[in-house]
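Student: Under the numbering used here, the first residue of the sequence shown carries the number 23, and numbering increases by one thereafter.
We put the CB at the ideal spot given by N, CA and C, even for glycine.
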Amino acid sequence: MYPRHFISLLDLSGDEFRNLITRGIALKNNRDPDYQPLKGKVLAMIFEKSSTRTRIAFETGMSHFGGTALFLSPRDTQLGRGEPLQDSARVISSMVDGVMLRTDKHETVTTFAQYSSVPVINGLTDLQHPCQLLADMQTYFEHRGDIQGKTVTWIGDGNNMCHSYIHAATVLDFTLNIACPSAYQPIKSIVDAAGARVRFFDTPVAAAEDAALVVTDVWASMGHEDEQKQRELAFKGYQVNADVMNAAQNDALFMHCLPAHRGEEVSAEVIDGAQSVIFDEAENRLHAQKALLEFLLCKKF
Ligand code: CP
Ligand code: NVA
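So this is what it looks like as structure tokens:
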């Protein structure tokens, strides 16, 4: 029996995704300190890249559930000294109950999962950021109800977040309008697999028309910091500002996975304005990831 992993949103059915959202909302609204379904269990967390939200959400979530989270930096483990990933996956998974990885290369997570005897969670790779989408969708459902049939607009880099939005559109059945500079489009195979649910536009304003949710992310993701200047030029004109929000529905929400750069991908007016739900979104990382831990480690629903 292979363990159930969470590497991509495409690992979930629509029902499973909605159940996770419902459970995340319930865990948020009725916290019972005596409910400790992961008592004695351990989650190993391997971070090749920095993190505030993902790390704190998993550590706190494990603690709320009576378990423990181990923070493992490749710098301080044999992973950083070239121990084969396959051996590391076998060894680490023989001692813990789940493993979360945030890695540069997506294949690191898929290879680790292949050799792991316990569930593996993708905590962000160069290709995808599925945990963030659990929180984003929980936030949308809390504010507006089911997202099925709605239009969501992605503006900016066709990056890991954009790819996970494409996957969410597939699993939850919404339309995703995308406006990205031509050199920074999402990967074609991911777009093609989503079919008619994904549509491309030349300008952010055109993409935002009729949107119930507008989302963006930094112009230079982790690992691309040295391209910041060149990206600032390429992404000029791709800022989510009042003009873009005015093109969307009147009650459209604004989200950003954070950290954000005010004045670059989003104006301060929008990110700090009434339509922005970024802090609910960030807090929901905790509740959504607790629901995910229950789902994978307690085999709930
Ligand atoms: N949004 C997100 O994943 O934040 P961190 O990088 O702080 O974990
Ligand atoms: N796209 C960003 C997301 C950070 C949470 C990055 O990969 O750096």
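May I ask whether a heavy atom of the ligand NVA can be found less than 6 Å away from the beta carbon of Ser243?
Tutor: Relative to the ligand NVA, the nearest heavy atom lies less than 6 Å away from the CB of Ser243.
Student: Could you pull out every residue in the same chain whose Cβ sits closer than 6 Å to the Cβ of Lys312, ignoring the five residues on either side in sequence?
Tutor: Leu49 and Gly83
Student: Any heavy atom of the ligand CP closer than 6 Å to the beta-carbon of Thr82?
Tutor: Remark: the shortest separation between the CB of Thr82 and any heavy atom of the ligand CP does not fall under 6 Å.
Student: Alpha carbon to alpha carbon, what distance is there between Gln154 and Ser204?
Tutor: 25 Å
Student: Looking at Pro152: is its Cβ nearer than 7 Å to the Cβ of His185?
Tutor: no
Student: Along the chain, where does the beta strand (DSSP E) containing Phe80 start, and where does it finish?
Tutor: No beta strand (DSSP E) contains Phe80, which is instead part of the alpha helix (DSSP H) from Arg75 to His86.
Student: Which class does Asn182 belong to by DSSP, given the choice of helix, strand or coil?
Tutor: helix
Student: For a quick check, are the C-beta atoms of Val237 and Glu287 less than 7 Å apart?
Tutor: Result no, Cβ atoms of Val237 and Glu287 do not sit closer than 7 Å.
Student: For the beta strand (DSSP E) containing Val118, list its first residue and its last residue.
Tutor: Val118 -> no beta strand (DSSP E), and no H or E assigned at all.
Student: For the beta strand (DSSP E) holding Arg221, just list the boundary residues, first then last.
Tutor: Bounds of the beta strand (DSSP E) holding Arg221 are Val220 to Phe222.
Student: Between the region 274–293 and the region 112–127, do at least 3 Cβ pairs fall closer than 8 Å?
Tutor: The region 112–127 and the region 274–293 do not touch, with fewer than three beta-carbon pairs separated by less than 8 Å.
Student: Does at least one heavy atom of the ligand NVA sit under 6 Å from the Cβ of Thr320?
Tutor: At residue 320 the sequence reads Cys, which differs from the Thr that was named. It does not: the Cβ of Cys320 is nowhere closer than 6 Å to a heavy atom of the ligand NVA.
Student: Say yes only if the C-beta of Asp33 is nearer than 6 Å to one or more non-hydrogen atoms of the ligand NVA, and no if none qualify.
Tutor: Asp33: no, Cβ never under 6 Å from the ligand NVA.
Student: Closest by CA to Gly327, which one among Pro59, Leu308, Leu235 and Gln170?
Tutor: Look at the range of the chain in this structure, 23 to 323, and you will see that residue 327 is not part of it.
Student: Quick one: residues in its chain with C-beta nearer than 8 Å to the C-beta of Asp224, no 5 flanking neighbours on either side, listed in chain order?
Tutor: Ala201
Student: Taking the continuous beta strand (DSSP E) assigned at Ile200, which residues delimit it?
Tutor: Counting along the chain, the beta strand (DSSP E) containing Ile200 begins and ends at Thr197 to Ala201.
Student: Can you check which of these residues, Leu275, Val142 and Gln250, is closest to His283 by C-alpha distance?
Tutor: Gln250
Student: Using a Cβ distance threshold of 8 Å, determine whether the region 272–279 contacts the region 90–105, with at least three qualifying pairs required.
Tutor: Fewer than three pairs of CB atoms, one per stretch, sit closer than 8 Å, so the region 272–279 makes no contact with the region 90–105.
Student: Could you say which of Ala215, Glu231, Asp126 and Gly167 lies nearest to Tyr187 if we only look at CA atoms?
Tutor: Ala215
Student: Closer than 6 Å to a non-hydrogen atom of the ligand CP - does that hold for the CB of Thr76?
Tutor: yes
Student: Taking only heavy atoms of the ligand CP into account, decide whether any of them is closer than 6 Å to the Cβ of Leu280.
Tutor: yes
Student: Please classify Met117: is it buried, with 16 or more other beta-carbons within 10 angstroms of its beta-carbon, or exposed?
Tutor: exposed
Student: Do the CB positions of Val326 and Leu31 come within less than 7 Å of each other?
Tutor: It is not possible to answer for residue 326, since the shown part of the chain is limited to 23 through 323.
Student: Do Asn306 and Ala190 come within 7 Å of each other at the CB atom, strictly closer than that value?
Tutor: no
Student: Let me check you understand the geometry: is the CB of Asn181 closer than 6 Å to at least one non-hydrogen atom of the ligand NVA?
Tutor: yes
Student: Excluding sequence positions up to five away, which residues of its chain have a Cβ less than 6 Å from the Cβ of Arg253?
Tutor: Hits under 6 Å: Trp241 and Ala242.
Student: Measuring CA to CA, which of Pro55, Asp179 and Ile47 is closest to Ala310?
Tutor: Of the candidates Pro55, Asp179 and Ile47, the one whose C-alpha sits nearest the C-alpha of Ala310 is Ile47.
Student: Excluding the 5 residues preceding and the 5 following Leu34 in the sequence, name in chain order all residues of the same chain whose CB lies nearer than 7 Å to its CB.
Tutor: Result list for Leu34: Val193, in chain order.
Student: What would DSSP say about Ser204, mapped onto helix, strand or coil?
Tutor: helix
Student: What is the DSSP secondary structure of Leu275, reduced to helix, strand or coil?
Tutor: strand
Student: Rounded to the nearest angstrom, how far is the Cβ of Phe163 from that of Ile43, given a contact under 8 Å?
Tutor: 5 Å
Student: Would you call the CB atoms of Gly245 and Asp126 closer than 7 Å?
Tutor: yes
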